[in-house]
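In this note's numbering, the protein residues as written are 2 to 488.
Cβ atoms here follow ideal geometry from the backbone N, Cα and C, with glycine treated the same way.
Note that the structure is predicted; figures quoted are calculated from it, not measured.
Structure first, commentary second.
Okay, structure coming up:
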């Protein structure tokens, strides 16, 4: 049997599925596995100019890295054509597909490796992955920290020299790295007893916004699909001025009547975006599951004056009363054009929600309701569900590349259990391409790797610290902010 055909939308031939995808010009080889009953292959890859890559083998397609990068470089902005012949017992099939090559991506990805349904911090590692070569190095290992819990690693606008992360349970603190300067800060106080989580660097790199809340995790007895759930309480937003060693905030984003979380600055630093929800009343007969379903967050932004460190007008971009869902993780492209966020049924932990999808707002035209693609998000703002990206399972944490063209996000689309990084190209109109999974040197890596990629963050430059540095930082004296200013 012999046939010629396009492979768009077919997933049963190669895994991961790298058929008809768009990739950065500096990405590592798209090594993959040919799915049985196929046992061997012959492959030819070529662009409009220069080199042609030819290879053959059994089961695993592994490109020569130098040849692969040369092929990408020569065809940036164009298309690579792939002719694939797959053989099995008594049959041979031939297929053609393409790989489009676009702008480069920030070459480093940092994420935490963790079990998909963890309850304790038994073994946590934070790695830095080189997207160009599929190599990695260790930035944090909690075995060196007496098994504390490390989380919320965040770079300042993709600068590996500016990093913040939290450690809980043992050798605790919020660790702020600014090249050669490291601070170990205790953000807990009588007014904000939970300290800071969900950090966001101001573009000036002198201030960091935090959510501060008490997280309530529990295991579902009613909802086996979601397995576990987390919701926040006592949620407020604070800003830490690093040089002045003080905390400041505004009563409108820090009150007992309203829950706030997930702060994020606009690229010009003139607005702070955050998620805000009225504090739902709790019936004495309600259990945690029923109560968590009441929690639905709006997406708001509040004007900010950096010189006076004061907040101004508040605008609602996504209204839960309109969407009947909850917002989490607002992230703005560095060119200040698009705002991406998660939309799920309720709560603040979309990673536990299979229905969580990624949506987009055009910040240059927030009332962009021109066709059925853009739908109302609030009275004065439109949003759209990102095409090609969302699946039947969870799409959640996401981050933009510094050139605003690539969006990396977490997805559980393969098995509804393990979250893995995916990449999509977003053009100047907000259209996105078919996503592809993080490439690995070994094509069958994901079949045996039993960890989730948690909170993936992109960076232009490598981190200035590693696991040995983090161990030493944990022994530093703790700094307490001098003042707390609430206007």
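Report all residues from its chain with a CB closer than 6 Å to the CB of residue i; omit the five preceding and five following residues, and keep chain order.
| i | result |
| --- | --- |
| residue 312 | 251, 303 and 305 |
| residue 477 | 185 |
| residue 69 | 30 |
| residue 117 | 418, 419 and 453 |
| residue 173 | none |
| residue 405 | 334, 335 and 336 |
| residue 77 | 26 and 102 |
| residue 397 | 343, 351, 352, 357 and 411 |
| residue 374 | 385 |
| residue 317 | 299, 301 and 379 |
| residue 382 | 318 and 367 |
Residue i: buried (16+ other C-beta within 10 angstroms of its C-beta) or exposed?
| i | result |
| --- | --- |
| residue 191 | exposed |
| residue 385 | buried |
| residue 83 | buried |
| residue 57 | exposed |
| residue 435 | buried |
| residue 413 | buried |
| residue 3 | Confidence is the limiting factor: at residue 3 the pLDDT is only 31, short of 50, which leaves the residue's position unreliable, though a coordinate-based value still follows. The residue in question, residue 3, is exposed, as its Cβ has fewer than 16 Cβ neighbours within 10 Å. |
| residue 210 | buried |
| residue 354 | buried |
| residue 421 | buried |
| residue 453 | buried |
| residue 258 | exposed |
| residue 400 | buried |
| residue 285 | exposed |
| residue 262 | buried |
| residue 283 | exposed |
| residue 113 | buried |
| residue 215 | exposed |
| residue 200 | buried |
| residue 39 | buried |
| residue 456 | buried |
Contact defined as beta carbons within less than 8 Å: I believe residue i pairs with residue j. What is the distance between those atoms, to the nearest angstrom?
| i | j | result |
| --- | --- | --- |
| residue 247 | residue 483 | 5 Å |
| residue 105 | residue 171 | With 8 Å as the limit, residue 105 and residue 171 do not qualify as a contact, their Cβ atoms being about 40 Å apart. |
| residue 466 | residue 15 | No, residue 466 and residue 15 are not in contact; Cβ-Cβ is about 37 Å, not under 8 Å. |
| residue 323 | residue 378 | 6 Å |
| residue 402 | residue 107 | 5 Å |
| residue 146 | residue 472 | 7 Å |
| residue 34 | residue 59 | Not really, about 11 Å apart at Cβ, beyond 8 Å. |
| residue 17 | residue 438 | 4 Å |
If you drop the 5 nearest sequence neighbours on each side, which residues of the same chain put their C-beta closer than 7 Å to that of residue i?
| i | result |
| --- | --- |
| residue 481 | 187 |
| residue 193 | 213, 237 and 239 |
| residue 72 | 46, 48, 52, 54 and 81 |
| residue 440 | 28, 29, 30, 31, 32 and 135 |
Residues in its own chain within less than 8 Å of residue i by CB, not counting five upstream and five downstream?
| i | result |
| --- | --- |
| residue 321 | 278, 297, 298, 299, 327 and 328 |
| residue 270 | 203, 204, 205, 305 and 307 |
| residue 243 | 177, 179, 184, 207, 208 and 209 |
Let me know the secondary structure DSSP gives residue i once reduced to three states.
| i | result |
| --- | --- |
| residue 143 | helix |
| residue 466 | coil |
| residue 63 | coil |
| residue 233 | strand |
| residue 254 | helix |
| residue 375 | coil |
| residue 163 | strand |
| residue 399 | strand |
| residue 452 | coil |
| residue 445 | coil |
| residue 96 | strand |
| residue 284 | coil |
| residue 261 | strand |
| residue 330 | strand |
| residue 325 | coil |
| residue 25 | strand |
| residue 390 | coil |
| residue 351 | helix |
| residue 180 | coil |
| residue 135 | coil |
| residue 479 | coil |
| residue 472 | helix |
| residue 199 | strand |
| residue 19 | coil |
| residue 191 | coil |
Comparing the C-beta of residue i with each C-beta of chain B, is any distance below 9 Å?
| i | result |
| --- | --- |
| residue 198 | The chain inventory of the structure shown lacks chain B, comprising one protein chain alone. |
ask   = Is the segment 333-350 in contact with the segment 231-242, if contact means three or more CB pairs nearer than 8 Å?
value = yes
Segment contact, 8 Å Cβ cut-off, at least three pairs: the segment 355-369 with the segment 337-347 = yes
query = Does the segment 85-104 touch the segment 124-142, meaning 3 or more C-beta pairs lie closer than 8 Å?
reply = Contact between the segment 124-142 and the segment 85-104 is absent: fewer than 3 CB-CB pairs across the two stretches fall below 8 Å.
ask   = Is there contact here, the segment 146-161 with the segment 432-449, by at least three beta-carbon pairs under 8 Å?
value = No, because fewer than three Cβ pairs between the segment 146-161 and the segment 432-449 fall closer than 8 Å, the two stretches do not touch.
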